Amino acid sequence: MQCTYYLNQTTCAYGFIIKAKSRPGKNIKSNATRHLHCISMLNVDFDDFFHQITREDVFQILRKSPFTLNKDTANILSKVCTYQGRLPMGAPTSPVLSNLFCIDLDIDLESWSIDRDIIYTRFVDDLSFSSKQASLSTLHYEEISNIAKRYDLFFDPDKTKYYSSDDIKIVTGLIVDDKLGIPKDYYYETDQDIERLSRLMEVHYITGKIYPTPVLNLFKKEVMGKINFIGQILGREHSVYNHYLEKYEEAINPDETLSARWLRFSNYVKF
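Under this note's numbering, the sequence shown has 224 at position 203, and the numbering climbs by one with no breaks.
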């Protein structure tokens, strides 16, 4: 299914799309890059996105082009790919089926946006609209909401966000200004995780590896994943990325003198 969607993808979709050597990859970074230098923005989010797509929707996807399966095959596969009549969270087939379901929606929203000199992108259930000229308003929201309702899709009003020219604009967790940036909260959380990792490594070292290695290794991978994200957004040569790499290396390589201070457990109580 991923290969089929890749060949039929819309230009505005950026989430859960396989990468091919012949085209630039689509991801959070390339999605946010589309909205650089905008003066206003509107972000909306579908309410319980996967569960809004029904077994009947999946059946219709499989019946029409490019699959054109017969009724019996489409019926069986639509049941396999859904749970209690809906797309389930966590299933490997749900992301691509949601993208396939949204092809016509993306075409309609992109056409609407082009007519108004607005840039539109969708990263799974996160939709972003930005303009370098006009301010986006509740009228725009009502219009795109009405388009989504044609497909029985509804937005979560609590996750709707308007940005004016003076606001720091965020798209899928990234700051879009003159260049891409990462919010301070992300750095703060990464600092906190590295500090926790450092303390866990110290306890692991001075108590004779009391913590199960698989658990510790998993946490190390999670921390490294956050650092790699910084490198993906800012670049592997960026000083901030290399700063966090150094902090990580320091955290996983405790001071050799720790064994002489093993009784000072008060240093490791607060995680």
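Built from N, CA and C at the ideal position, the CB exists for glycine as well. Only a predicted model underlies this, so the values are computations on that prediction, with no experimental measurement involved.
Quick one: what does DSSP say residue i is sitting in, helix, strand or coil?
i, result
"W283", "Residue confidence for W283 is low, a pLDDT of 49 falling below 50, so the modelled location carries little weight; the figure read from the coordinates is stated next. W283: coil per DSSP, three-state reduction."
"L201", "strand"
"N91", "coil"
"L121", "helix"
"N64", "strand"
"L108", "coil"
"I39", "coil"
"K100", "helix"
"I196", "strand"
"A34", "strand"
"D147", "strand"
For residue i, collect the residues of the same chain with a Cβ closer than 7 Å to its Cβ; drop the 5 residues on either side in sequence, then sort them by chain order.
i, result
"G106", "T75 and R76"
"N48", "Y35"
"I124", "N29 and T31"
Using a Cβ-Cβ cutoff of less than 6 Å, which residues in the same chain neighbour residue i once the five nearest sequence positions on both sides are dropped?
i, result
"W283", "No answer about W283 holds up, because its pLDDT of 49 lies below 50 and its placement is not dependable."
"K190", "M62, Y184 and V197"
"S156", "S61"
For residue i, tell me which candidate among the options has the shortest Cα-Cα distance.
i, options, result
"G194", "K247, C33 and K42", "K247"
"L266", "Y208, V236, D276 and L239", "Y208"
"L218", "I254, Q23 and A272", "A272"
"E131", "A112, P113 and E164", "E164"
"S166", "D129, D199 and T89", "D129"
"S186", "I124, S158, R220 and T142", "S158"
"K241", "L90, L221, R257 and S260", "L221"
"H259", "R171, I135, R143 and L201", "L201"
"E216", "Y269, I254 and I135", "Y269"
"K40", "Q154, F175 and C24", "C24"
"L126", "P116, N52 and I168", "I168"
Since residue i contacts residue j with CB under 8 Å, what's their CB separation in whole angstroms?
i, j, result
"F37", "I82", "Wrong, their Cβ atoms sit about 15 Å apart, outside the cutoff."
Give the range of the beta strand (DSSP E) segment to which residue i is assigned.
i, result
"Y141", "I140 to F144"
Which residues bound the alpha helix (DSSP H) around residue i?
i, result
"L239", "T234 to L255"
"S51", "I49 to T54"
"Y367", "There is simply no residue 367 to check, as the chain begins at 22 and stops at 292 in what is shown."
Suppose the cutoff is 8 Å on Cβ atoms and the five residues either side in sequence are ignored; what does the same chain contact list for residue i look like?
i, result
"A281", "Its pLDDT being 49, under 50, A281 is placed unreliably in this model, and the coordinates cannot settle the point."
"T211", "V244, K247, I248, I251 and Y265"
"F88", "T25, I82 and A95"
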